[in-house]
Amino acid sequence: MNMPCGKDVYNRASCRVPGGGSMVDQDRIGVQTGQVSSANPHLTPEQIQHFKQLLLEKRSEILQNVSYIEQEGLRRLLQSSGDLSSIPVHMADLGTDNYQQELAAGLVDGQRQLLYEIDQALERIEQGRYGICEGTGKPISLARLEAMPWARYCIEYERMIEEGKVDL
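Right under this line is the structure:
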């Protein structure tokens, strides 16, 4: 939804201008060009570029992990279906096989959730909202962003969520 200029401090691209276009200030440049937005005054363009690079590296790592886990699972399935001697005979063997499959599925689910969070952080960079707590509107500390560049919330708000003081 486009808002009149000045109503949305962190998304200047949403300002309406006559003729139906959008007013984009000089600081706001899209991710597709390899440049980054600096609508967040506590982060420099260089810092945002640094965090973007961290996010892209982590994203690549996760995609490799998920691919490996899925390929390994497929390899084991094909190996066991072609070899009658690998069919579990004992209930404990069957339980171990099921446990390994569930563990792999859980790992993939966790990695996919993290991939989603990373993609959302990259979107926030594109929109000029990166590094701003979605709960309070305050800047997220650099230390937190270094530890978790996909962080949506400042540490104080995250604690409130964990303590059940805030509903999401």
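Take the position in the sequence shown, starting the count at 1, then add 612; the result is the number in our numbering. Yeah, the Cβ is synthetic: ideal placement off N, Cα and C, and Gly gets one too.
Q.
On the CB-based measure, 16 or more other CB atoms within 10 Å of its CB, does K750 come out buried or exposed?
A. Label assigned to K750: exposed.
Q: Per DSSP, which residues does P751 bridge with? Please list them.
A: Bridge partners of P751: I744.
Q: Give the straight-line distance between the Cα atoms of T748 and R671, rounded to the nearest whole angstrom.
A: Each residue's alpha carbon lies about 27 Å from the other.
Q. Ordered along the chain, which non-local residues of its own chain (more than five positions away) have a Cβ less than 8 Å from that of C766?
A. Listed in chain order, the non-local C-beta contacts of C766 below 8 Å within the same chain comprise C745, G747, T748, K750, P751, I752, S753 and R756, local neighbours out to five positions each way being set aside.
Q.
So, does the segment 658-678 touch the segment 717-734, judging by three or more C-beta pairs under 8 Å?
A. Yes: the two stretches touch, three or more of their Cβ pairs being nearer than 8 Å.
Q) Which of the three DSSP states, helix, strand or coil, is assigned to D678? A) Going by the sequence as given, residue 678 is Val instead of Asp. Three-state DSSP puts V678 in a helix.
Q. Who are the near neighbours of V720 in its chain, counting only those whose CB is closer than 6 Å to its CB and skipping five residues on each side?
A. Excluding residues within five positions, the ones whose Cβ falls inside 6 Å are V678 and I681.
(Q) Using 8 Å for Cβ pairs, my map puts W762 next to L675. What's the rounded Cβ distance? (A) Their Cβ separation, rounded to whole angstroms, is 15 Å, which puts W762 and L675 out of contact at 8 Å.
Q) Just the Cα atoms here: how many angstroms apart are T656 and Q739? A) Within the model, the alpha-carbon separation for T656 versus Q739 is close to 15 Å.
Q: Apply the 10 Å Cβ neighbour rule to R724 and answer buried if 16 or more other Cβ atoms are within range, or exposed otherwise.
A: When all chains shown are included, R724 counts as exposed.
Q. How long is the line joining the alpha carbons of L686 and L727, rounded to whole angstroms?
A. Cα-Cα distance, rounded: 22 Å.
Q) In whole angstroms, what is the alpha-carbon distance linking H654 and E770? A) If I take the Cα positions, the gap works out to 20 Å.
**Q.** Minimum C-alpha distance to Q659 - residue among K777, G776 and E758
**A.** Taking each of K777, G776 and E758 in turn and checking the Cα distance to Q659, the smallest one comes out for E758.
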